[in-house]
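Numbered continuously in the working numbering, the sequence shown closes out at residue 342. For each residue, glycine too, the CB sits at the ideal point set by N, CA and C.
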Amino acid sequence: MKFLKTLLLLILVLVLVFAVGKNLIAKLAIENGVKVATGLPLALRSFNMSFTKTMVDVQGIVLGNPRGFNDKVFVDLPQIYFDFDLPTLFKGKIHIEAIKVHLKELQIIKAQGGKLNVDAFKPAPTAAAPKAKPAPAKGKALPIEMDLFELKVGKVIYKDYTVGTLGGAPLVKEFNINLDEQFKDVKSIDALVKIITVKALEKTTIGQLINLDIGSLASSVSGTLATSTKVVATQLGDAAQETLQQASEQAAVSMKETQANLKNLAGEVVTSPNVLVSEIKGGTGNVLKQTGTGAKQAAQTVEQGAAKLTSGLASVVKNPFASKSTGEQNPQSSN
């Protein structure tokens, strides 16, 4: 996992060097820097550095295996993100307020010759050289402080080609770690890498298979490991708080709608009697009007009938003994 130290140091250096540079330049510089330092191919999907937001977001980090290994992927890191304190950089100190590392997959491979891919990080043996003058002392490295470190680990795979099948398939052991934890007050990049190594391998048998003392690593960073808290509980608390807030907002909206509906209903109740009285008055007027017209017509009909009856009576009274026929004679005149 020493490549992580190299990668993180390169990122921090580029934060200083490329303060006004382009993200693409920084991306290429990191890829080439890791290649030179470790001999392993590195590919980044994106590199985004913002001094206004004081953050660096590197995504899609894939470290390849050394030459001689068939498997292409050594380490798959979907994201490394950190939020830094810009003013402290000008005071000779690196202060990272929050850093996130997402290790999706780590493949530790033992080739047929017995060589491990993690051996690529071990310094190569060199022949004894004649004594030389001591090198001048290097400048002191900038102190680094990380307030909050969030680590996500997906799975770790161990492949052993020395005990594989006749067809060449290796013995595979897969460990689902599914870890998401936070740590406080990490004091160095070395401590950060040790925490990642311990948390990725402590619940596996890989330490014994590759002769790595996980216990010693854990002891060296025991203080920081003791600050571990699971992120899941925090996320659940945040989710519950968000749900409660949404429910409160919805209740407030519903209350306003209810008040508006009651107000409208009250207006309708107050208005309805007036409308009803108006309609009754209008209806009564129509009834009275229609009744008056009918009475008038009835009076005219009665008047016309009375006139005809009077005319008939008058004619009868004028000649009550008139004969119905002119040929009739009085019987007394014939004698």
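Classification of residue i by the beta-carbon crowding that lies within 10 angstroms, buried from 16 upward
| i | result |
| --- | --- |
| Pro73 | buried |
| Leu14 | buried |
| Pro177 | buried |
| Val160 | buried |
| Ala240 | Note on Ala240: pLDDT 49, under 50, position unreliable in the model; no value is reported. |
| Val179 | exposed |
| Ile32 | exposed |
| Leu1 | Limits of the chain in this structure are 8 at one end and 342 at the other, which puts residue 1 out of reach. |
| Thr231 | buried |
| Thr236 | exposed |
| Thr204 | buried |
| Lys117 | buried |
Residues near residue i by beta carbon distance below 6 Å, same chain, minus five either side
| i | result |
| --- | --- |
| Val276 | Residue confidence is low: Val276 scores 48 on pLDDT, short of 50, so the model does not pin down where it sits. No coordinate-derived value is stated. |
| Glu157 | Lys107, Gln189 |
| Thr228 | A quick correction: the sequence has Val, not Thr, at residue 228. Around Val228: Ala198, Lys201, Ile202. |
| Ile37 | Leu17 |
| Ile87 | Val65, Val108 |
| Ala225 | Val205 |
| Glu209 | Ile221 |
Contacting residues, own chain, Cβ-Cβ under 7 Å from residue i (five flanking each side not counted)
| i | result |
| --- | --- |
| Gln114 | Asp78, Val80, Phe81, Ile164, Lys166 |
| Leu51 | Lys34, Ile37, Glu38, Val65, Gly67, Ile68 |
| Leu216 | Tyr165 |
Reference residue i, options the options, closest by Cα
| i | options | result |
| --- | --- | --- |
| Val125 | Leu155, Ile202, Gly75, Asn30 | Gly75 |
| Asn39 | Thr59, Asn55, Ile18, Asp64 | Ile18 |
| Lys98 | Ile151, Ile196, Ile184, Val238 | Ile151 |
| Thr234 | Ala50, Phe58, Met56, Lys191 | Lys191 |
| Ser53 | Gly67, Leu232, Leu199, Thr204 | Gly67 |
| Ala105 | Phe128, Lys194, Lys201 | Lys194 |
| Asp187 | Lys206, Gly175, Glu181 | Lys206 |
| Thr212 | Gln257, Val238, Glu181 | Glu181 |
| Ile196 | Asp154, Gly175, Gly222 | Asp154 |
| Val238 | Asn185, Asp220, Glu264, Asn218 | Asn185 |
| Thr61 | Gln86, Leu216, Ile103 | Ile103 |
| Gly175 | Asn183, Gln119, Ser223, Val63 | Gln119 |
Same chain only: Cβ atoms within 8 Å of residue i, ignoring 5 sequence neighbours per side
| i | result |
| --- | --- |
| Gly121 | Thr169 |
| Ile101 | Leu19, Phe91, Thr95, Leu149, Pro150, Ile151, Glu152 |
| Asp41 | This sequence places Val at residue 41; Asp is not what is there. Result list for Val41: Phe10, Thr13, Leu14, Leu17, Leu47, Leu49, Leu70, in chain order. |
| Glu112 | Val80, Val82, Asp83, Gly161, Lys162, Val163, Ile164 |
| Leu110 | Val82, Asp83, Leu84, Leu158, Lys159, Val160, Gly161, Ile203, Ala207 |
| Leu123 | Ile115, Ile116, Lys117, Ile217 |
| Ala329 | Confidence in Ala329 is poor, its pLDDT being 48 and thus under 50, which makes the residue's placement unreliable; the coordinate value appears in the next sentence. There are no such residues. |
| Gly214 | Leu208, Asp220, Ile221 |
| the stretch 85–99 in contact with the stretch 31–49 per 3-pair CB rule at 8 Å | With fewer than three CB-CB distances shorter than 8 Å, the stretch 85–99 does not count as touching the stretch 31–49.
| field | Contained beta strand (DSSP E) runs [length at least 3] in the stretch 45–102, N- to C-terminal order | value | As summarised for the stretch 45–102, the continuous beta strand (DSSP E) elements at least 3 residues long and confined to that stretch are 53–57, 62–71, 80–91, given in chain order.
| task | Would you mind listing the beta strand (DSSP E) stretches within the stretch 177–245 that are 3+ residues and don't spill past its ends, in chain order? | result | Complete beta strand (DSSP E) runs here, min 3: 178–193.
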